[in-house]
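Below you'll find the structure, written out as structure tokens, and then a few comments.
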Amino acid sequence: MLDSFFHSGRSATAAKSVRPVRSMQTGQTGQTGQTGQTGQTEQTEQTEQTEQTERPSQNNNTSHEKASELLSMQDIHISHGDKVLLKIDKLTVPSQKLVAFIGPNGAGKSTLLHTVLGQHTGVALKTQGYITAQGQPIDEMMRDGHIAWVGQHERFELPLTVLDYALLGVSPNLAWYQRPNRHHVERAQTLLQDFELSNLTDARVQTLSGGEKQRLAIVRALMQDTKIMMFDEPTNHLDIRHQRFLLHYLHTLVHEQRKSILVVLHDLTYAHRYTDEVVLLNGGRVIAQGTPNEVMTRQRLSAAYDVDIKAHQTEDGVVFV
Numbered sequence: 024m025l026d027s028f029f030h031s032g033r034s035a036t037a038a039k040s041v042r043p044v045r046s047m048q049t050g051q052t053g054q055t056g057q058t059g060q061t062g063q064t065e066q067t068e069q070t071e072q073t074e075q076t077e078r079p080s081q082n083n084n085t086s087h088e089k090a091s092e093l094l095s096m097q098d099i100h101i102s103h104g105d106k107v108l109l110k111i112d113k114l115t116v117p118s119q120k121l122v123a124f125i126g127p128n129g130a131g132k133s134t135l136l137h138t139v140l141g142q143h144t145g146v147a148l149k150t151q152g153y154i155t156a157q158g159q160p161i162d163e164m165m166r167d168g169h170i171a172w173v174g175q176h177e178r179f180e181l182p183l184t185v186l187d188y189a190l191l192g193v194s195p196n197l198a199w200y201q202r203p204n205r206h207h208v209e210r211a212q213t214l215l216q217d218f219e220l221s222n223l224t225d226a227r228v229q230t231l232s233g234g235e236k237q238r239l240a241i242v243r244a245l246m247q248d249t250k251i252m253m254f255d256e257p258t259n260h261l262d263i264r265h266q267r268f269l270l271h272y273l274h275t276l277v278h279e280q281r282k283s284i285l286v287v288l289h290d291l292t293y294a295h296r297y298t299d300e301v302v303l304l305n306g307g308r309v310i311a312q313g314t315p316n317e318v319m320t321r322q323r324l325s326a327a328y329d330v331d332i333k334a335h336q337t338e339d340g341v342v343f344v
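Here the sequence shown stands for residues 24 to 344, numbered as in this note's numbering.
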């Protein structure tokens, strides 16, 4: 799958159209269209034409409908001692979008996702606020296995093979007495092949490289087959080839299978090129939210990162330096 992705010329840009995930194995092209969004924030130096030609196309089925709500966060206040880690009066994230959280180190990106997931970081934090996912309390969604998650530091302590670890992804969907069936095994093998891990099926997870472990953790999350997925810096440990493939893959899941995916990203070029919506954080607060073109202006990014950031138009798309 990776070979066909790169040999088709999609490595240079995010591709001008998006194929369904399954058809990428056979080289068939899915049908896509453009979708537009409006916002109240200022426009970037990039023209609208740049977004239309250099970013992945989007399905237009809901372009004239108000996006449904995925997450709603209200009165969020997370602190450690006197230090405020996250303070959000109200944040609403739309569903069926690939949404990126960007910002400098310590901005609150990972803290936000951990707060959504109700995870503890090992540090005594004071927390308050209310979070719902599609109108339901977030803890119920997590308990029922409706949200798949890949963190920055996945643990590979159990003596499992690569295939066994991938199959852990279906465990939230099984009763305690059930085991993965042949369908699950076949799907795991397909995903391992997609992410170039099929030659390591019987290898112990402890023998994998950092990049291989990261790809395996992503496969495990994909095996859970949820409508909502969250990734904290998923491109960590991946080379540029696998980074591009992964983000294109996630974009395809959103626009061909109507998934809702949240990612924390450090690479501004990837955030602009692959995602549908961007949330810029700094100092534990939301600075701006909207489409990449709306949010990622030179003035706003330079202020948030405290360094001059410029966007350059290249034949492969916009590059931030």
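Even glycine gets a Cβ: it sits at the ideal position worked out from N, Cα and C.
Check whether residue i and residue j have beta carbons under 7 Å apart
{"i": "Ala130", "j": "Leu288", "result": "no"}
{"i": "Val309", "j": "Ile161", "result": "no"}
{"i": "Gly307", "j": "Val107", "result": "yes"}
{"i": "Leu121", "j": "Val277", "result": "yes"}
{"i": "Val330", "j": "Pro315", "result": "no"}
{"i": "His18", "j": "Tyr297", "result": "An answer regarding residue 18 cannot be provided, because it is not within the stretch 24 to 344 covered by the chain."}
{"i": "Asn305", "j": "Ala327", "result": "yes"}
{"i": "Phe179", "j": "Val139", "result": "no"}
{"i": "Ile263", "j": "Ser283", "result": "no"}
Rounded separation between residue i and residue j - CA only
{"i": "Val242", "j": "Tyr200", "result": "23 Å"}
{"i": "Leu197", "j": "Leu186", "result": "17 Å"}
{"i": "Leu135", "j": "Leu303", "result": "12 Å"}
{"i": "Glu281", "j": "Gln119", "result": "In the sequence as displayed, the identity of residue 281 is Arg instead of Glu. One C-alpha to the other measures close to 5 Å."}
{"i": "Leu285", "j": "Ile99", "result": "18 Å"}
{"i": "Leu220", "j": "Asp105", "result": "46 Å"}
{"i": "Ala211", "j": "Glu163", "result": "27 Å"}
{"i": "Phe218", "j": "Arg238", "result": "7 Å"}
{"i": "Pro257", "j": "Ile170", "result": "16 Å"}
{"i": "Met165", "j": "Glu338", "result": "42 Å"}
{"i": "Gln63", "j": "Pro182", "result": "Note that Gln63 scores a pLDDT of 41, beneath 50, so its modelled location is shaky; the value from the coordinates is reported in the next line. Distance between the alpha carbons of Gln63 and Pro182: 52 Å."}
{"i": "Tyr188", "j": "Gln322", "result": "45 Å"}
{"i": "Tyr153", "j": "Leu94", "result": "11 Å"}
{"i": "Leu324", "j": "Gln151", "result": "29 Å"}
{"i": "Thr115", "j": "Ala226", "result": "42 Å"}
{"i": "Met96", "j": "Ala311", "result": "15 Å"}
{"i": "Met47", "j": "Ser102", "result": "At Met47 the pLDDT is 34, less than 50, meaning the model places this residue with poor confidence and gives no usable figure here."}
{"i": "Met319", "j": "Ala294", "result": "9 Å"}
{"i": "Gly141", "j": "Ala156", "result": "12 Å"}
{"i": "Gln54", "j": "Leu270", "result": "Residue placement at Gln54 cannot be trusted, given a pLDDT of 36 that sits under 50; what the coordinates show is reported in the next sentence. If I take the Cα positions, the gap works out to 19 Å."}
{"i": "Pro195", "j": "Val341", "result": "40 Å"}
{"i": "Glu209", "j": "Glu279", "result": "21 Å"}
{"i": "His265", "j": "Thr213", "result": "17 Å"}
{"i": "Thr249", "j": "Gly168", "result": "8 Å"}
{"i": "Tyr272", "j": "Leu231", "result": "22 Å"}
{"i": "His207", "j": "Ile332", "result": "46 Å"}
Coil, strand or helix - residue i by DSSP
{"i": "His14", "result": "Shown here, the chain extends from 24 to 344; a query on residue 14 therefore has no answer."}
{"i": "Gly340", "result": "strand"}
{"i": "Thr258", "result": "coil"}
{"i": "Gln159", "result": "strand"}
{"i": "Gln322", "result": "helix"}
{"i": "Glu77", "result": "Caution is warranted here: a pLDDT of 49 is assigned to Glu77, below 50, making its placement in the model unreliable, and the coordinate value is therefore given only provisionally. Reduced to three states, the DSSP call for Glu77 is helix."}
{"i": "Glu68", "result": "Residue placement at Glu68 cannot be trusted, given a pLDDT of 44 that sits under 50; the coordinates are not used to answer."}
{"i": "Arg243", "result": "helix"}
{"i": "Ala226", "result": "coil"}
{"i": "Leu140", "result": "helix"}
{"i": "Ala171", "result": "strand"}
{"i": "Pro195", "result": "helix"}
{"i": "Val185", "result": "helix"}
{"i": "Ser283", "result": "strand"}
{"i": "Glu209", "result": "helix"}
Per DSSP, cross-strand counterpart(s) of residue i
{"i": "Ser91", "result": "Ser91 pairs with nothing; no bridge assigned."}
{"i": "Arg296", "result": "None; Arg296 has no bridge partner."}
{"i": "Met164", "result": "In the DSSP output, where bridge partners are listed per residue, Met164 has none listed."}
{"i": "Gln312", "result": "Val302"}
{"i": "His100", "result": "Lys110, Gln151"}
{"i": "Ile125", "result": "Leu303"}
{"i": "Thr115", "result": "Ser95"}
Contact belief for residue i with residue j at Cβ below 8 Å, rounded distance in angstroms
{"i": "Met246", "j": "Gly158", "result": "Contact doesn't hold; Cβ gap of about 26 Å is too wide."}
{"i": "Phe254", "j": "Leu291", "result": "Rounded, the Cβ-Cβ distance is 17 Å, inconsistent with contact."}
{"i": "Pro203", "j": "Leu223", "result": "About 18 Å; that fails the 8 Å criterion."}
{"i": "Lys236", "j": "Glu177", "result": "7 Å"}
{"i": "Pro127", "j": "Glu92", "result": "The pair is not a contact, with the Cβ atoms about 28 Å apart (cut-off 8 Å)."}
Any non-hydrogen atom of the ligand MG closer than 6 Å to residue i Cβ
{"i": "Thr138", "result": "Absent from the structure shown: the ligand MG. Ligands present: none."}
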